[in-house]
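Residues -16 to 363 (the numbering used here) make up the sequence shown, in order. Heads up, the thing below is written out as structure tokens.
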Amino acid sequence: IGHVDHGKTTLTAALTRVCSEVFGSAIVEFDKIDSAPEEKARGITINTAHVEYNSTIRHYAHVDCPGHADYVKNMITGAAQMDGAILVCSAADGPMPQTREHILLSRQVGVPYIVVFLNKADLVDDAELLELVEMEVRDLLSTYDFPGDDTPIIIGSARMALEGKDDNEMGTTAVKKLVETLDSYIPEPVRAIDQPFLMPIEDVFSISGRGTVVTGRIERGIVRVQDPLEIVGLRDTTTTTCTGVEMFRKLLDEGRAGENCGVLLRGTKRDDVERGQVLVKPGSVKPHTKFTAEVYVLSKEEGGRHTPFFKGYRPQFYFRTTDVTGNCELPEGVEMVMPGDNIQMTVTLIKTIAMEDGLRFAIREGGRTVGAGVVAKIIE
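This is how it looks when you write it as structure tokens:
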């Protein structure tokens, strides 16, 4: 992440080059990354380049976007859930508007860790100037609740590293140091299977003599026969017990993250449960109606609205498997939101939804997607 022309793509190419020499992964050329292919995430067109590289202990998947708008869309749609980010800031220019905006977005969408690469350091002769830029970046991170004082900052030149140079250890050495820092500073993500069980309910059946079955794709965790469970969202939370797990018409002892299955529930009636609720490990998720969100509004070209919307806008918010109507409150001083904008808003839903910070949603009008968003902070 970082301001336009501060060297994000050059650093991305340099990372693949240095890692290929040291750790044996593939080199990806600058031009190939820069002409990133178009992809569709939830109906939104985003240009992103996906590259991969190895360190001594990890395999990294890395996303680089050519344009500022692509970053905004990519972070909000959560096309890829980020475990961390590299903030690239030119030592010659210091923090610029998009530097700030990307840090704010990272905070809003829940990027947990940021490592800083102060780029183009070969163009700065003055050590005091470097120190000044470093202080500015740390202040900016602290402003948005990142640990500015403790954030690792690596000083170097991505272009030198890309050209295989290393004067004053600013080229290859700096990039190697960056990779080592990613390894040590960004913790291992918790795998979906190790998180508390959650399954969005897509369908409900009753099977005579057996009881009620809910089906869906398990988002995370494991469910085992005899596990106590809660049904959360849309109505009052109820408790139940798993008496069976079924997949491809086979009875199993457990269902795991990523699997589509049916879960048989003891003592739950067919009418007690509906699509849009979630089945969860008791106490792990709470139902909420009010939250702040970071939202990207589709442009007309993307099939979105042709006209702006104003405060009091009441579209449907599509969470996991269902739509719920909600009211939008715009920030102070913002009168209207244009197609193609990204905006922070406060949303109040008419029914509860099982949610946590970082949950993605779509905004729809009569089944047509007009926006994408992420829960930044739950209010109530």
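Glycine is no exception: its CB is placed at the ideal position from the N, C-alpha and C atoms.
Q: Can you tell me the Cβ-Cβ gap for HIS51 and GLN81, rounded? I've got them flagged as a contact below 8 Å.
A: The residue you call residue 51 lines up with position 68 of the sequence shown. The residue you call residue 81 lines up with position 98 of the sequence shown. Yes, they are in contact, since the Cβ atoms of HIS51 and GLN81 sit about 6 Å apart, within 8 Å.
Q. Which first and last residues belong to the beta strand (DSSP E) in which ASN325 is found?
A. On the sequence shown, position 342 is the one that residue 325 refers to. Here the beta strand (DSSP E) through ASN325 covers 325 to 338.
Q. Nearest to GLY316 by CA position, among VAL307, THR272, PHE293, is which residue?
A. What you label residue 316 is simply residue 333 of the sequence shown in a count that begins at 1. Here the closest residue by C-alpha is PHE293.
Q) Quick one, are the C-beta atoms of VAL307 and LEU313 less than 8 Å apart? A) Counted from its first residue, the sequence shown places residue 307 at position 324. Counted from its first residue, the sequence shown places residue 313 at position 330. No, the pair does not count as a contact, with Cβ atoms beyond the cut-off.
(Q) Comparing C-alpha positions only, which one of GLY259, ARG207, VAL206, ASP128 sits nearest to ASP186? (A) If you number the sequence shown from 1, residue 186 lands on position 203. Ranking GLY259, ARG207, VAL206, ASP128 by Cα distance to ASP186 puts GLY259 first.
Q | Those runs of the alpha helix (DSSP H) which lie wholly inside the region 93 to 163 and span at least 4 residues | A | 110 to 126, 141 to 145
Q: Specify the secondary structure class of HIS85 as computed by DSSP and reduced to three states.
A: Residue numbering aside, residue 85 sits at position 102 when the sequence shown is read from its first letter. Three-state DSSP puts HIS85 in a helix.
**Q.** Rounded C-alpha distance that separates PRO375 from CYS244
**A.** Outside the displayed range of the chain (-16 to 363) lies residue 375, so it cannot be described from this structure.
Q. Given a threshold of 16 other Cβ atoms within 10 Å of its Cβ, counted over all protein chains shown, does PRO270 qualify as buried or as exposed?
A. Here residue 270 refers to the residue found at position 287 when the sequence shown is read from its first residue. So PRO270 ends up on the buried side.
Q.
Using only CA atoms, which one of ALA9, VAL280, PHE302 lies nearest to TYR36?
A. As a working mapping, residue 36 is identified with position 53 in the sequence shown. With distances taken between Cα atoms, TYR36 lies closest to ALA9.
**Q.** Close Cβ partners of TYR168 (< 7 Å) along its chain, the five nearest in sequence each way excluded
**A.** Here residue 168 refers to the residue found at position 185 when the sequence shown is read from its first residue. Excluding sequence neighbours, TYR168 sits near TYR96, VAL98, PRO135.
Q) If we count the other Cβ atoms within 10 Å of its Cβ and call it buried at 16 or more, is GLU12 buried or exposed? A) The sequence position of residue 12 within the sequence shown is 29, counting from 1. GLU12 is exposed by the Cβ-count criterion.
Q.
Per the DSSP calculation, GLN64 is bridged to which residue(s)?
A. Stepping through the sequence shown from its first residue, residue 64 is reached at position 81. Per DSSP, none; premise fails for GLN64.
(Q) Nearest by alpha-carbon distance to PRO301: which of THR275, GLU284, ALA345, ASP132 is it? (A) Taking the sequence shown and counting its residues from 1, one reaches residue 301 at position 318. Correcting the residue type first, residue 301 is Tyr in the shown sequence and not Pro. Among THR275, GLU284, ALA345, ASP132, the Cα nearest to that of TYR301 belongs to ALA345.
(Q) For VAL215 and ALA32, what's the separation of their Cα atoms in angstroms? (A) One-based indexing of the sequence shown puts residue 215 at position 232. One-based indexing of the sequence shown puts residue 32 at position 49. One C-alpha to the other measures close to 37 Å.
Q | Opening and closing residue of the beta strand (DSSP E) in which SER189 lies | A | Along the sequence shown, one-based indexing puts residue 189 at 206. Run containing SER189: 186 to 190, per the beta strand (DSSP E) assignment.
Q.
Less than 6 Å between C-beta atoms, sequence neighbours within five positions excluded: which residues of the same chain meet that for GLY323?
A. Taking the first residue of the sequence shown as 1, we reach residue 323 at position 340. Result list for GLY323: SER282, in chain order.
Q: Since I believe ALA337 is in contact with VAL263 (beta carbons under 8 Å), could you give me their beta-carbon distance rounded to a whole number of angstroms?
A: Counting from 1 along the sequence shown, the entry for residue 263 is found at position 280. Counting from 1 along the sequence shown, the entry for residue 337 is found at position 354. Correct: roughly 7 Å between the Cβ atoms.
Q: Check MET58 in the structure and name its three-state DSSP category.
A: Position 75 of the sequence shown, counted from the start, is the residue given in the question as residue 58. Three-state DSSP puts MET58 in a helix.
Q. Is the CB-CB distance between GLY204 and LEU248 below 8 Å?
A. Along the sequence shown, read from residue 1 onward, the residue named residue 204 stands at position 221. Along the sequence shown, read from residue 1 onward, the residue named residue 248 stands at position 265. Going by C-beta atoms, GLY204 is not nearer than 8 Å to LEU248.
Q) Taking one C-beta from the region 161 to 175 and one from the region 123 to 130 each time, how about it: are there three or more such pairs within less than 8 Å? A) no
Q: Keeping to the same chain, check which residues put their C-beta closer than 7 Å to that of ASP17; ignore five residues upstream and five downstream.
A: Taking the sequence shown and counting its residues from 1, the one referred to as residue 17 is at position 34. Only THR(-8), PRO49 meet the Cβ criterion.
Q.
I'd like the list of long-range same chain contacts for ALA(-4), defined as Cβ closer than 7 Å, with 5 residues on each side in sequence excluded.
A. Your numbering for residue -4 matches position 13 in the sequence shown. Counting only Cβ-Cβ distances below 7 Å, and skipping sequence neighbours, we find VAL11, GLU12, PHE13, ILE16, LEU145.
Q | Limits of the unbroken alpha helix (DSSP H) element including CYS2 | A | By one-based count along the sequence shown, residue 2 stands at place 19. Segment -9 to 6, the alpha helix (DSSP H) holding CYS2.
Q.
Restricting to Cα atoms, I'd like to know which of ASP236, LYS233, PRO265, GLU202 is closest to GLU213.
A. As a working mapping, residue 213 is identified with position 230 in the sequence shown. Answer by Cα proximity: PRO265.
**Q.** Local Cβ density within 10 Å of THR305, reported as buried at 16 or more and exposed below that
**A.** Here the question's residue 305 lines up with position 322 in the sequence shown. With 16 or more other Cβ atoms within 10 Å, it is buried.
Q: Would you decide whether PRO172 is buried or exposed? Buried here means 16 or more other CB atoms lie within 10 Å of its CB.
A: The count along the sequence shown starts at 1 and reaches residue 172 at position 189. Counting Cβ neighbours within 10 Å, PRO172 comes out exposed, since fewer than 16 surround it.
Q: Kindly list the residues whose CB is nearer than 6 Å to the CB of LEU217, restricted to its own chain and excluding five residues on each side of it in sequence; keep chain order.
A: On the sequence shown, residue 217 is found 234 positions in, with the first residue counted as 1. So the qualifying residues of the chain are GLY259, GLN260, LYS334.
Q.
Suppose the cutoff is 8 Å on Cβ atoms and the five residues either side in sequence are ignored; what does the same chain contact list for GLU242 look like?
A. Along the sequence shown, read from residue 1 onward, the residue named residue 242 stands at position 259. If we look at GLU242 and ignore the five residues flanking it on each side, its Cβ neighbours are ARG200, ILE201, MET230.
Q | 8 Å contact criterion, which GLY287 and GLY354 should meet: CB distance rounded | A | In the sequence shown, counting from the first residue as 1, residue 287 sits at position 304. In the sequence shown, counting from the first residue as 1, residue 354 sits at position 371. 7 Å between Cβ atoms; contact.
Q) For GLU237, which beta-bridge partners are listed by DSSP? A) Numbered from 1 along the sequence shown, position 254 holds the residue referred to as residue 237. DSSP output for GLU237 lists ARG207 as bridge partner(s).
Q: Taking only heavy atoms of the ligand MN into account, decide whether any of them is closer than 7 Å to the Cβ of GLU119.
A: Absence of the ligand MN from the depicted structure is noted, as is the absence of any ligand whatsoever, leaving it without description.
Q. Considering LYS15, what are the terminal residues of the alpha helix (DSSP H) in which it resides?
A. One-based indexing of the sequence shown puts residue 15 at position 32. 13 to 17 is the extent of the alpha helix (DSSP H) around LYS15.
Q: Under 8 Å Cβ to Cβ from LEU123, same chain only, skipping five residues before and after it: list those, please.
A: Counting from 1 along the sequence shown, the entry for residue 123 is found at position 140. These residues qualify, in order along the chain: PRO78, THR82, ARG83, ILE86, GLY131.
Q) For ARG121, which option in PHE100, SER189, GLY250, ILE29 has the closest C-alpha, if you only look at C-alpha atoms? A) Indexing the sequence shown from 1 puts residue 121 at position 138. The candidate whose alpha carbon is nearest that of ARG121 is PHE100.
Q: Starting from the Cα of ARG0, find the closest Cα among LEU112, LEU115, ILE326, ARG142 and give me that residue.
A: Counted from its first residue, the sequence shown places residue 0 at position 17. The option with the nearest alpha carbon to ARG0 is ARG142.
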